[in-house]
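K.L.:
Residue numbers (the numbering used here): 5 to 308.
Following this message is one structure expressed as structure tokens.
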Amino acid sequence: MAPVPNGGTGVRLRWLGIAGWEMVFDGHRLLVDPYLTRQQYAGPDGTADLRRPLEVNKRIIDWVLSEHVTGAPEFILATHGHWDHLADVPTLLNHPKWNGRRIRVLGGETHLNLVRAMGIPATREADLVLVTGGEYLRYPLRSPEKPRPDYTIEVFRSLHSQLGSYGFAPAGTLTSRPKKPATIGELVEGGTLGYQITVADRLRVMFLSGTANFAEREVAGARPDVLVLGASGNAGVHDYFERALQALGWPRIVIPCHHDDMVTALDNPEVHNTVNREVVATLQGILGNRGRVLDPRHLEQFEL
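As structure tokens, then:
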């Protein structure tokens with residue numbers, strides 16, 4: 005990894021809560037699972053009530069786009085189809101601040117069908133990019149003026165968290181556009197993906213951020229400098245943290261996510277207190293002196 009002249013990498017991350025991230029560098033911006041609404045999802049017994057009506061918090065979305073994520077991304081990377089990852093993507097694509105900006109959305113067949121069903125402008129249809137794992141994409145497209153990319157995106161097949169019952173909900177796949185979803189249960193997983201963004205020859209950042217599981221043999225050989233790792237819901241996964249760090253060659257920086265309460269509003273100062281910070285200590289204990297674990301705060305940008 006080669007640093008930029010000022011001694012840093014020039015790559016900045018911003019945690020959007022749950023599994024959402026903004027990554028900016030050299031005038032480029034990418035978003036991973038940009039879900040900002042954070043609606044209530046539990047029933048009276050504290051478990052997820054998949055019959056709950058799907059909500060969009062336009063006030064919070066407007067605020068985040070005005071105060072924090074102040075420009076349109078070149079790519080939105082979807083890890084899977086659940087509401088707390090995908091539900092705000094159509095509203096973002098329809099947002100006036102992003103009018104006229106080309107934004108490509110990477111996702112699996114189910115994810116793109118859900119985006120279509122929730123409603124996007126016809127002009128954005130061509131920018132829904134189907135990926136299944138194994139793709140190695142460059143930006144910008146190759147040309148005589150740009151023989152080398154500014155950055156690349158590698159797509160990895162991944163797995164959803166396995167909870168105490170060894171399952172998860174809502175499961176399922178979609179091979180065609182469904183009716184417009186009305187409940188959170190209609191946003192099904194549809195397969196899970198991970199992504200690695202390589203910034204020129206400076207930095208490799210892997211997002212296994214959407215869930216707390218991964219397909220070990222799919223990522224074997226990848227050696228990210230930075231690993232953004234989903235942390236919750238791995239009770240049924242054998243040695244999840246240890247296996248992930250070892251399989252990826254002990255990344256020098258590990259950043260946990262998907263370990264907040266998922267519902268406290270992003271503009272509520274208490275949102276930072278809903279994070280399970282025991283995860284940070286656990287990861288640092290496993291990583292030891294081979295690297296360090298960062299403890300991100302919602303919406304606060306930091307340089308890697």
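Backbone N, C-alpha and C define an ideal beta-carbon position, used for all residues, glycine too.
Against chain C, does Gln305 count as a neighbour if the rule is that its beta carbon must be under 9 Å from one of theirs?
P.N.:
Included in the structure is just one protein chain, with no chain C present.
K.L.:
Looking only at its own chain, which residues have a Cβ that is under 7 Å from the Cβ of Met122, when we skip the five neighbours before and after it?
P.N.:
If we look at Met122 and ignore the five residues flanking it on each side, its Cβ neighbours are Pro94, Lys184 and Pro185.
K.L.:
For the stretch 248-255 and the stretch 280-299, state whether three or more C-beta atom pairs, one from each stretch, are separated by less than 8 Å.
P.N.:
Cβ pair count under 8 Å is three or more, so yes.
K.L.:
Along the chain, where does the alpha helix (DSSP H) that runs through Ser70 open and close?
P.N.:
Lys62 to Glu71 is the extent of the alpha helix (DSSP H) around Ser70.
K.L.:
Thinking C-alpha only, which one of Thr202, Val60 and His242 is nearest Phe218?
P.N.:
The residue with the shortest Cα to Cα distance from Phe218 is His242.
K.L.:
Given that a residue counts as buried once 16 or more other Cβ atoms are within 10 Å of its Cβ, and exposed if not, what is His92?
P.N.:
What sits at residue 92 in the sequence shown is Asp, not His. It is buried - the Cβ of Asp92 has at least 16 other Cβ atoms within 10 Å.
K.L.:
Does the Cβ-Cβ distance between Leu54 and Ala82 come in under 9 Å?
P.N.:
Not in contact: Leu54 and Ala82 (Cβ atoms no closer than 9 Å).
K.L.:
With a 10 Å radius around its C-beta and 16 neighbouring C-beta atoms as the bar for buried, classify Thr215 as buried or exposed.
P.N.:
By the 10 Å Cβ count, Thr215 comes out buried.
K.L.:
In whole angstroms, give me the CA-to-CA distance for Cys261 and Val73.
P.N.:
Approximately 18 Å, taken between the alpha carbons.
K.L.:
Under 8 Å by Cβ, that's how I've got Trp19 and His302 pegged, so tell me the actual separation to the nearest angstrom.
P.N.:
The Cβ separation is near 6 Å, so the contact holds.
K.L.:
State whether the stretch 135-143 contacts the stretch 159-168, with contact taken as three or more CB pairs (one from each stretch) at a distance under 8 Å.
P.N.:
Touching, yes, given that three or more Cβ pairs across the two stretches are closer than 8 Å.
K.L.:
Taking the C-alpha atoms as reference points, what is the distance between Leu97 and Gly237?
P.N.:
Their backbone Cα atoms lie some 30 Å apart in a straight line.
K.L.:
In whole angstroms, give me the CA-to-CA distance for Gly14 and Leu207.
P.N.:
If you take the alpha carbons of Gly14 and Leu207, they lie about 9 Å apart.
K.L.:
In the DSSP assignment, find the unbroken beta strand (DSSP E) run with Gln200 in it and report its ends.
P.N.:
Counting along the chain, the beta strand (DSSP E) containing Gln200 begins and ends at Thr196 to Val203.
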